[in-house]
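Here is the structure we will look at.
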Amino acid sequence: MSDNTIILTIVNEAWARPDSILDLFLESFRIGQGTKRLLNHLLIIAEDSQAFQYCKSRHPHCFHLKNSQTKFTRGNLMISRSKLKLLQQVIDLGYNFAFTNADVMWLRNPITKLVPNVGLSISCDLNTFDNETFGIKGDGGFFHVKADGKTYEFIKSCNVRRVLYPDSEHQSLCNVLATDNYSEFIGMNVGYLDEVNFGRLCRPGDLSQIYTIQANCCENIDSKIHYLKLVLDDWRNYLTELSVQNDSSKRSPLSWRAPQKCV
Numbered sequence: 001m002s003d004n005t006i007i008l009t010i011v012n013e014a015w016a017r018p019d020s021i022l023d024l025f026l027e028s029f030r031i032g033q034g035t036k037r038l039l040n041h042l043l044i045i046a047e048d049s050q051a052f053q054y055c056k057s058r059h060p061h062c063f064h065l066k067n068s069q070t071k072f073t074r075g076n077l078m079i080s081r082s083k084l085k086l087l088q089q090v091i092d093l094g095y096n097f098a099f100t101n102a103d104v105m106w107l108r109n110p111i112t113k114l115v116p117n118v119g120l121s122i123s124c125d126l127n128t129f130d131n132e133t134f135g136i137k138g139d140g141g142f143f144h145v146k147a148d149g150k151t152y153e154f155i156k157s158c159n160v161r162r163v164l165y166p167d168s169e170h171q172s173l174c175n176v177l178a179t180d181n182y183s184e185f186i187g188m189n190v191g192y193l194d195e196v197n198f199g200r201l202c203r204p205g206d207l208s209q210i211y212t213i214q215a216n217c218c219e220n221i222d223s224k225i226h227y228l229k230l231v232l233d234d235w236r237n238y239l240t241e242l243s244v245q246n247d248s249s250k251r252s253p254l255s256w257r258a259p260q261k262c263v
């Protein structure tokens with residue numbers, strides 16, 4: 001990309017096999033608005049040899065992350081030592097990067113919705129308590145990092161945190177930001193992405209405004225796959241309706257089939 005940005009995601013054997021989350025992830029790029037060209041900038045990181053081999057059969061840019069000793073769970077996709085070290089290396093090479101979970105469907109280009117003039121733009125759940133304070137939670141399924149000294153130090157601090165607090169590998173960057181003020185200490189600005197544009201599977205939203213949808217409410221992989229297929233079907237139907245209606249202002253808001261609960 002023109003601003004030296006690459007897109008990163010991580011998969012393992014369970015997420016990278018025939019009819020898998022990886023297949024749906026790649027399909028979302030192919031059918032999204034303005035996202036197909038982004039596949040040229042997507043690097044898929046495989047945690048094991050099986051995932052690496054499958055990735056190579058589906059995508060030209062795959063990397064085998066060897067010596068990754070953490071188990072692949074929904075909560076540790078972004079904060080294990082091997083992954084943090086890799087992110088440090090990417091920043092050190094001068095690349096900005098967008099990190100996305102593979103269970104995030106890219107329906108439009110989310111990079112166009114980044115918060116300006118911040119080092120870290122991240123999708124978290126924000127709960128406002130009053131006009132000045134808010135709580136942060138969520139797994140940060142999408143975030144963007146600008147390569148500079150401050151973001152490098154922040155990612156490095158996450159690695160130190162991982163050593164000092166072994167359980168932190170099961171925390172997301174959203175949890176880190178909620179419990180650690182190191183980003184403020186080093187002067188790294190953080191921007192939180194609008195939930196109107198960065199949706200959650202189990203929360204209905206307007207497809208005319210959505211850029212990404214993450215299945216972070218599903219613990220079971222089969223459930224993720226089932227509902228993400230419905231999301232992509234609903235997106236195709238939305239595009240069809242869009243093509244036959246000239247006046248978009250007369251169209252009622254259309255959501256995806258959001259489950260009340262996904263297990």
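Here the sequence shown is numbered in UniProt numbering, starting from 1 and rising by one per residue. From the three backbone atoms N, C-alpha and C, an ideal C-beta is built for every residue, glycine too. Predicted model only: the values in this text are computed from it and were never measured.
Closer than 6 Å by C-beta to residue i: which residues in its own chain qualify, once you throw out the five before and the five after it? Chain order, please.
i: residue 271; result: Given a span of 1 to 263 for the chain in the structure shown, any question on residue 271 remains unanswerable.
i: Asp206; result: Pro253
i: Trp235; result: Leu107
i: residue 264; result: Here the chain covers residues 1 to 263 and nothing more, so residue 264 does not appear.
i: Thr35; result: Phe29, Trp106 and Asn109
i: His59; result: Ile44
i: Leu24; result: Leu228
i: Lys146; result: Asn96 and Gly119
i: Leu164; result: Confidence at Leu164 is low in this model, with a pLDDT of 47, below 50, so its placement is unreliable and the value that follows should be read with caution. Contacts found: none.
i: Val90; result: Phe97
i: Leu39; result: Phe29
i: Gln50; result: Glu13
Can you tell me where the alpha helix (DSSP H) with residue i in it begins and where it stops?
i: His226; result: Ile221 to Val244
i: Cys62; result: Segment Cys62 to His64 is the beta strand (DSSP E) holding Cys62; no alpha helix (DSSP H) there.
i: Val190; result: From DSSP, Val190 is part of no alpha helix (DSSP H) but of the beta strand (DSSP E) over Val190 to Tyr192.
i: Glu195; result: Neither: Glu195 is in no alpha helix (DSSP H) and is coded neither H nor E.
i: Ser82; result: Arg81 to Asp92
What are the start and end residues of the beta strand (DSSP E) that includes residue i?
i: Arg30; result: Not the beta strand (DSSP E): Arg30 falls in the alpha helix (DSSP H), residues Ile21 to Ile31.
Look up residue i in the DSSP assignment and give the residues it is bridged to.
i: Val118; result: Note: Val118 sits in no beta bridge, so no partner.
i: Gln214; result: Val104 and Arg200
i: Val145; result: Phe97 and Leu120
i: Ile44; result: Thr9 and Cys62
i: Leu180; result: Reading the sequence as shown, one finds Asp at residue 180 and not Leu. Partner(s): none; Asp180 has no beta bridge.
Below 8 Å on the Cβ atoms is my guess for residue i versus residue j; work out the distance and round it to an integer in Å.
i: Trp15; j: Ile21; result: 5 Å
i: Gly199; j: Ile213; result: 5 Å
i: Leu228; j: Asp103; result: 7 Å
i: Phe143; j: Ser121; result: 6 Å
i: Tyr152; j: Gln88; result: 6 Å
i: Asn101; j: Gly141; result: 4 Å
Going along the chain, which residues of its own chain have a beta-carbon closer than 7 Å to the beta-carbon of residue i, five neighbours each way excluded?
i: Lys56; result: Cys62
i: Pro204; result: Ser255 and Ala258
i: Leu84; result: Ile155, Cys158, Asn159 and Arg162
i: Arg17; result: Tyr54
i: Lys150; result: Gly119, Ile186, Gly187 and Met188
i: Gly32; result: Trp106, Leu107 and Arg108
i: Phe52; result: Ala46, Cys62 and His64
Might you give, ordered along the chain, the residues of its own chain that have their beta carbon closer than 8 Å to the beta carbon of residue i, omitting 5 neighbours on each side?
i: Ile225; result: Asp19, Ser20, Ile21 and Leu24
i: Lys137; result: In this prediction, Lys137 scores a pLDDT of 49, lower than 50, which makes its location untrustworthy; no coordinate-derived value is stated.
i: Glu132; result: Confidence at Glu132 is low in this model, with a pLDDT of 47, below 50, so its placement is unreliable and no value can be given for it.
i: Glu27; result: Leu232
i: Asn4; result: Gly94, Tyr95, Asn96 and Ala147
i: Leu65; result: Ile10, Ile45, Ala46, Glu47, Ser82, Lys83 and Leu86
i: Asn67; result: Ser82
i: Pro166; result: Caution is warranted here: a pLDDT of 49 is assigned to Pro166, below 50, making its placement in the model unreliable, and the coordinate value is therefore given only provisionally. Cβ neighbours of Pro166 beyond the five flanking positions: none.
i: Gln260; result: Cys202
Examine the Cβ distances between the region 115 to 125 and the region 35 to 44 and report whether three or more of them are shorter than 8 Å. no
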